[in-house]
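Novice: Here you go, one structure.
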Amino acid sequence: MPSKILLTVGPESHLAKEAIAAFTKLARAAAPNIEVIELGLKGPNASMRVIEALSPSLFAAESLVAITDRTSKSAADLTSIGADTDLADDASEVLVELMPALPDEIWLALDLGTSRGHKSLIDAARSSGCQEVECERPSARTIATFITKEFSRHKRAATPEAIEALRLAFGEDLPSLANAVSQLVSDVSENPVTIESVRLYHGGLADLPWFKVSEAVWSGSPARVMTMVRGAFDRDSTAALPMIAALASDIRLMARVAGLPRGMSDAEAGKLLSVHPFRVKNARQQLPRWSPTVLADAILNLAELDSLVKGGASGIGLEATSRQYLVESAFLRIAAGRG
Numbered sequence: 004m005p006s007k008i009l010l011t012v013g014p015e016s017h018l019a020k021e022a023i024a025a026f027t028k029l030a031r032a033a034a035p036n037i038e039v040i041e042l043g044l045k046g047p048n049a050s051m052r053v054i055e056a057l058s059p060s061l062f063a064a065e066s067l068v069a070i071t072d073r074t075s076k077s078a079a080d081l082t083s084i085g086a087d088t089d090l091a092d093d094a095s096e097v098l099v100e101l102m103p104a105l106p107d108e109i110w111l112a113l114d115l116g117t118s119r120g121h122k123s124l125i126d127a128a129r130s131s132g133c134q135e136v137e138c139e140r141p142s143a144r145t146i147a148t149f150i151t152k153e154f155s156r157h158k159r160a161a162t163p164e165a166i167e168a169l170r171l172a173f174g175e176d177l178p179s180l181a182n183a184v185s186q187l188v189s190d191v192s193e194n195p196v197t198i199e200s201v202r203l204y205h206g207g208l209a210d211l212p213w214f215k216v217s218e219a220v221w222s223g224s225p226a227r228v229m230t231m232v233r234g235a236f237d238r239d240s241t242a243a244l245p246m247i248a249a250l251a252s253d254i255r256l257m258a259r260v261a262g263l264p265r266g267m268s269d270a271e272a273g274k275l276l277s278v279h280p281f282r283v284k285n286a287r288q289q290l291p292r293w294s295p296t297v298l299a300d301a302i303l304n305l306a307e308l309d310s311l312v313k314g315g316a317s318g319i320g321l322e323a324t325s326r327q328y329l330v331e332s333a334f335l336r337i338a339a340g341r342g
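First residue of the sequence shown? That's 4 in the working numbering, and the numbers climb one at a time after it.
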């Protein structure tokens, strides 16, 4: 049986999430009623929370404890910018002591954004026979492998030209690539997926109507947003998801650009982030006009909108006009937040 301890190390949070999801699936196969507990390695009462979560259960009920210490530049973490975070309590020492003798009913996932400062934890996990997944950011050479694996995960394939087109469109933005592949396999029946389909849904980022809509949102012009959204729907009744994906992609890029060293040129940044320099330039121009809180709220709104448009929660059975109204309303709310 595979180890009940998973260790993920590296800055690419998307790969860590995938590894933890697979680990959780494995645990649920062994224990369908397993309880999942998510904790931070640092924070108020972190040590006590870890001790409690990893203690033997009175009824030997199985639980999966996911403990994270990840510093991320993603848009999802913008809510923490400027916040007072109590990092005085670090549960690392407690975890090192407990890891070699975990109760049989405990599954442990340890997610570390970097190996720096975590040597004792990593050594303890390895000594305990953990499964280890490296979560390094992909290079231009390995991104094609990631895309191929994403198609394989959906039991589909893509031509080399299609894979290259996706790489050029989204660079090393793994969440966007995963979403793009997911949309393609959902909407396209051909196998393998061809470059024509990729171009239809994702090619020529700046020229696609949904990326024009995203530009309108970030410009903060309600009238332009309304015109662009309605025009996109007039051309394509299924434009909702591509527009949402485009807006989310731009937010993630803004977050990554915000973390770049000062003085780095657009060309250097574009090469580092594997995007066209003009996208870096646009992101830099927009950043001063948007507060971290507004951007974080936008991420949450887009996630909810994406679920509704796909039919989740209260969005089940939405008519086309209702979907368009939801998209218009959400995009206008985001545009109104521009400073």
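No residue lacks a Cβ here, since even glycine has one placed at the ideal position from N, Cα and C.
May I have the straight-line CA-CA distance separating lysine 45 from phenylalanine 236, to the nearest angstrom?
Specialist: 46 Å
Novice: What I want to know is whether the C-beta of methionine 231 ends up closer than 7 Å to one or more non-hydrogen atoms of the ligand SAH.
Specialist: This structure does not include the ligand SAH; it has no bound ligands of any sort.
Novice: Assuming leucine 2 contacts leucine 105 under a Cβ cut-off of 8 Å, what Cβ separation, rounded to an integer in Å, is found between them?
Specialist: As shown, the chain starts at 4 and ends at 342. That puts residue 2 outside it, with no answer to give.
Novice: Which same chain residues end up closer than 7 Å to methionine 231 when comparing Cβ atoms and leaving out the 5 residues on each side of it in sequence?
Specialist: Lys215, Val216, Ala219
Novice: Quick check: the region 18-30 against the region 127-143, are at least 3 beta-carbon pairs closer than 8 Å?
Specialist: Judged by Cβ distances under 8 Å, the region 127-143 makes contact with the region 18-30, as three or more pairs qualify.
Novice: Tell me whether the region 142-156 and the region 37-44 touch, counting them as touching only if at least three CB pairs, one residue from each stretch, are closer than 8 Å.
Specialist: no
Novice: Can you tell me which of the three DSSP states glycine 85 falls into?
Specialist: Only weak support exists for where glycine 85 lies, its pLDDT of 41 falling under 50; the coordinates are left without a value.
Novice: For threonine 197, collect the residues of the same chain with a Cβ closer than 7 Å to its Cβ; drop the 5 residues on either side in sequence, then sort them by chain order.
Specialist: Thr162, Ala165
Novice: Just how far apart, CA to CA, sit valine 68 and methionine 102?
Specialist: C-alpha separation (whole angstroms): 12 Å.
Novice: Among Gly266, Asp176, His121, Val201, which has the Cα closest to the Cα of alanine 15?
Specialist: A small correction: the amino acid at residue 15 is glutamate; alanine does not occupy that position in the sequence shown. Answer by Cα proximity: Asp176.
Novice: Using CA coordinates, which residue listed in Val283, Arg259, Ala258 is at the minimum distance from alanine 270?
Specialist: Val283
Novice: Mind checking which residues open and close the alpha helix (DSSP H) that includes aspartate 3?
Specialist: Outside the displayed range of the chain (4 to 342) lies residue 3, so it cannot be described from this structure.
Novice: With H, G and I counted as helix, E and B as strand and the rest as coil, what does DSSP make of valine 330?
Specialist: DSSP, read as helix, strand or coil, puts valine 330 in helix.
Novice: Our contact map puts asparagine 304 next to isoleucine 337 with C-beta atoms below 8 Å; I'd like the distance itself, whole angstroms only.
Specialist: 6 Å
Novice: Pick helix, strand or coil for aspartate 300, following the three-state DSSP scheme.
Specialist: If DSSP states are grouped into helix, strand and coil, aspartate 300 belongs with the helices.
Novice: Please go through the same chain and pick out, in chain order, the residues whose beta-carbon is closer than 6 Å to the beta-carbon of alanine 333, but skip the five residues on each side of it.
Specialist: Asn304, Leu308
Novice: Report all residues from its chain with a CB closer than 7 Å to the CB of leucine 290; omit the five preceding and five following residues, and keep chain order.
Specialist: Cβ neighbours of leucine 290 beyond the five flanking positions: Met257, Val260, Ala261.
Novice: Thinking C-alpha only, which one of Leu180, Ser58, Phe149, Gly223 is nearest leucine 298?
Specialist: Gly223
Novice: Would you decide whether threonine 324 is buried or exposed? Buried here means 16 or more other CB atoms lie within 10 Å of its CB.
Specialist: exposed
Novice: Can you tell me where the beta strand (DSSP E) with serine 118 in it begins and where it stops?
Specialist: Note, serine 118: premise wrong, no beta strand (DSSP E); not H, not E.
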